[in-house]
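Asks: Have a look at this one before I ask anything.
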Amino acid sequence: MISVDNIAVEFSGTTLFSDVNFVINENDKIALMGKNGAGKSTMMKIVAGAQTATRGKVNSPKDTVIAYLPQHLLMEDDCTVFDEASKAFQQIFTMRDQMEKLNKELETRTDYESDAYMKIIEQVSELGEQFYALEEINYDAEVEKALKGLGFKQDDFQRMTSEFSGGWRMRIELAKILLQKPDLILLDEPTNHIDIESVIWLEDFLVNKANAVMVISHDRAFIDNITNRTIEVTMGRIYDYKANYSHYIQLRADRRTHQIKAYQEQQRYIADNQTFIDRFKGTFSKTNQVASRVRMLEKLQIIEIDEVDNSALKLKFPPAPRSGDYPIIVEELTKKYDDHIVFKNASFSIARGEKVSFVGRNGEGKSTMIKSILGEIEQEGKCTLGHNVKVGYFAQNQASLLDQDLTIFQTVDDVAKGDVRTQIKNILGQFMFKGDDIDKKVSVLSGGEKTRLAMVKLLLEPVNLLILDEPTNHLDLRSKDILKDALKAFDGTLILVSHDRDFLQGLSQKVFEFKEKRVLEHFETIDAFLERNRIKSIKEIDLKA
3 MISVDNIAVE FSGTTLFSDV NFVINENDKI ALMGKNGAGK STMMKIVAGA
53 QTATRGKVNS PKDTVIAYLP QHLLMEDDCT VFDEASKAFQ QIFTMRDQME
103 KLNKELETRT DYESDAYMKI IEQVSELGEQ FYALEEINYD AEVEKALKGL
153 GFKQDDFQRM TSEFSGGWRM RIELAKILLQ KPDLILLDEP TNHIDIESVI
203 WLEDFLVNKA NAVMVISHDR AFIDNITNRT IEVTMGRIYD YKANYSHYIQ
253 LRADRRTHQI KAYQEQQRYI ADNQTFIDRF KGTFSKTNQV ASRVRMLEKL
303 QIIEIDEVDN SALKLKFPPA PRSGDYPIIV EELTKKYDDH IVFKNASFSI
353 ARGEKVSFVG RNGEGKSTMI KSILGEIEQE GKCTLGHNVK VGYFAQNQAS
403 LLDQDLTIFQ TVDDVAKGDV RTQIKNILGQ FMFKGDDIDK KVSVLSGGEK
453 TRLAMVKLLL EPVNLLILDE PTNHLDLRSK DILKDALKAF DGTLILVSHD
503 RDFLQGLSQK VFEFKEKRVL EHFETIDAFL ERNRIKSIKE IDLKA
């Protein structure tokens, strides 16, 4: 259906990838994988037509419709939900308006024999042929149907898009995609910043209603649930397997094992023949045999072993200074905005060294509770930080808060104090920023690289209370695993907000569930919480609400 032919991307003397070829077939569900900075988003933009490759091209049939949902939504906030969703038909509406404008012009003109008049006639005829060839659709009814199918209520239609959270705004964009009925949907990190309910809906939509799909995501459960093919971008080339990501990892490991074995056998074969050649070179009776083996070795195609990118994040949190027995005590806490109650009469305490999870759908108060703990907002009731509590906070949008005009080195140098300033290059190296990388501006970094840089800032000062709000957004799978191991080893207190079940499992010892204006405390691990509720994924919590 769509072919990517000999694509290459080069900039500043660096080759991101080259000679990339693959075909996207009807109903392919593709996971586009790779480490942060490998070129996944660039590849997707090229397929979407949003970026041009240095060499090569993307070919598709003339009428192919490709819908692209970028990692960062560019939605304008000056229109209603209904009007924004209706933009799916913008091209058709523009065509209709143009026809009406030309027809009105024809009504007022009297130069019937002029070339200008005849040109307008031709334009109207051409536009009319295209417009009336379209299937007759009640566009307003289609928009209403799509929005309701995505969970919007009739009352939401005339609300401004700016009033909605990231997850609901993504649904508006998905409504536009659904209405276009595209041949290929391209999604770059669609599960970042969206609530659990949105993830469930998206999985169902992509599996049961979409045609071809290519998705970038670091949510292992999400991509395993929706994809049947994996394309990994690594070391400037791609690996393409007809398997979901988890199966692909095993298949590729098996392939490399076989390659190594075959390569070693081939090297032994080459060595044996070279020994024979060296031994009998110049021996008259062996001349033909020596010449034959020399020709054979010259023609031999050396077995290649797939390259593996072994560069990895090195992450270890500094020892936590000792705090009081209860770093956080919440008593009868209520937060409301005008008549809207976020939560009421919340009471709980978190003991020193505990690792807890905040779970629940967006809008139920997780981030509001964090702001209360940090003292950023006023509320009724009491929220107390214990003795000697030093807080390290990673916000959901932490990466986007970095100064885009600073270099990587300047970003860290601006907040480093004392002796640590002499170690900045070493610290950045542990976070995979090496050599000339440290002189790159923040603005050119990928989402994962910005997240790693934000993590560096978090580690510069020892803390004993870590509050992490969706810290895995934009992190590749290997970096997520390394972060998880570092958090397990952290000897302070941890509050973790995440919708990623794989990341949460084995990490938190207590669960706080935000639901129906209450904060419910569950004295169990996230694994036990999931099992008790008889749900396979934390994403299904919303369905039980």
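Plus 2 on top of the position in the sequence shown (first one is 1) and you've got our numbering. Note that the Cβ used here is the ideal one computed from N, Cα and C, for glycine as well.
1. In terms of DSSP beta bridges, what is GLU348 paired with?
2. Using only the heavy atoms of the ligand SAH, determine whether one of them is closer than 7 Å to the beta carbon of LEU496.
3. On the three-pair Cβ rule with 8 Å, is the segment 5-16 touching the segment 200-216?
4. Spell out the partners DSSP gives LEU186 in its beta bridges.
5. Does the structure place the segment 321-339 close enough to the segment 380-400 that three or more beta carbon pairs sit under 8 Å?
6. Work out the CA separation of ARG503 and LYS541 for me, nearest whole Å.
7. Indicate whether PHE360 and ILE528 have their beta-carbon atoms separated by less than 8 Å.
8. Under the three-state reduction of DSSP, which class applies to THR193: helix, strand or coil?
9. Does DSSP put MET162 in a helix, in a strand, or in coil?
10. Looking only at C-alpha atoms, which of LYS392, HIS342 and ARG222 sits nearest to TYR328?
11. Following the continuous alpha helix (DSSP H) through SER20, name the residue where it begins and the one where it ends.
12. With contact counted as at least three CB pairs below 8 Å, one residue from each stretch, are the segment 422-435 and the segment 447-458 in contact?
13. Just the C-alpha distance for ARG239 and PHE319, rounded to the nearest angstrom, thanks.
14. Let me know the secondary structure DSSP gives ALA52 once reduced to three states.
15. Would you kindly report the start and end of the unbroken beta strand (DSSP E) that includes PHE396?
16. Comparing alpha-carbon positions, which option in GLU175, SER127 and ASN140 lies nearest ALA2?
17. Would the beta-carbon of LYS512 fall within 8 Å of that of PHE525?
18. Mind checking whether LYS490 and LEU509 have CB atoms under 8 Å apart?
19. For TYR250, does the three-state DSSP call read helix, strand or coil?
20. Under 8 Å: do the segment 281-297 and the segment 258-272 share three or more Cβ pairs, one atom per stretch?
21. State the DSSP-derived secondary structure class of MET35, mapped to helix, strand or coil.
22. Hey, quick one: how far does the beta strand (DSSP E) through ILE484 stretch, first residue to last?
23. Is the beta carbon of PRO464 less than 8 Å from the beta carbon of ALA322?
24. When DSSP builds the beta bridges, which residues end up paired with TYR271?
25. Taking buried to mean at least 16 other C-beta atoms within 10 Å of its own C-beta, is MET371 buried or exposed?
26. Would you give the residue range spanned by the beta strand (DSSP E) that LYS357 belongs to?
27. Measuring CB atoms only, is the segment 272-280 touching the segment 203-213, in the sense that at least three cross pairs come out at less than 8 Å?
28. Assess, as a yes-or-no matter, whether the segment 78-97 is touched by the segment 38-47 under the definition of 3 or more beta carbon pairs within less than 8 Å.
29. For LYS316, which residues of its own chain have a beta-carbon under 6 Å away from its beta-carbon, when the five flanking residues on both sides are left out?
30. Which residue wins for smallest C-alpha separation from ASN246, given the options ASN8, LYS459 and LEU34?
31. Leaving out five residues on either side along the sequence, give the residues of the same chain with a beta carbon under 7 Å from the beta carbon of LYS373.
32. Terminal residues of the continuous alpha helix (DSSP H) containing PHE95?
33. Out of PRO192, TYR250, LEU104 and MET46, which one is the CA nearest neighbour of ILE122?
34. Tell whether a beta-carbon distance below 8 Å holds between ILE440 and LYS427.
35. Is it the case that the segment 137-153 contacts the segment 102-120, given that we only count it when at least three CB pairs across the two stretches are under 8 Å?
36. From LEU545 to THR163, what does the alpha carbon distance come to, in whole angstroms?
Replies: Answer, in terms of the structure:
1. According to the sequence shown, residue 348 is Ala rather than Glu. In the DSSP output, where bridge partners are listed per residue, ALA348 has LEU335.
2. As far as ligands go, the structure on display features none, and thus does not contain the ligand SAH.
3. no
4. ILE68 and ALA214
5. yes
6. Residue confidence for LYS541 is low, a pLDDT of 47 falling below 50, so the modelled location carries little weight; the figure read from the coordinates is stated next. Their Cα atoms are separated by approximately 8 Å.
7. no
8. coil
9. strand
10. LYS392
11. Counting along the chain, SER20 falls outside any alpha helix (DSSP H), though it belongs to the beta strand (DSSP E) covering 16-26.
12. yes
13. 34 Å
14. coil
15. 393-396
16. Residue numbering for the chain in the displayed model covers 3 to 547; residue 2 lies beyond these limits and cannot be assessed.
17. yes
18. yes
19. helix
20. no
21. strand
22. Segment 479-491 is the alpha helix (DSSP H) holding ILE484; no beta strand (DSSP E) there.
23. yes
24. BP columns for TYR271 are empty, so no partner.
25. buried
26. 357-361
27. no
28. no
29. GLN432
30. LEU34
31. ILE379
32. 92-110
33. LEU104
34. yes
35. no
36. Unreliable positioning characterises LEU545 in this predicted model, as indicated by a pLDDT of 46, which lies under 50. The coordinate reading is nonetheless provided below. Spanning the two alpha carbons is a distance of roughly 25 Å.
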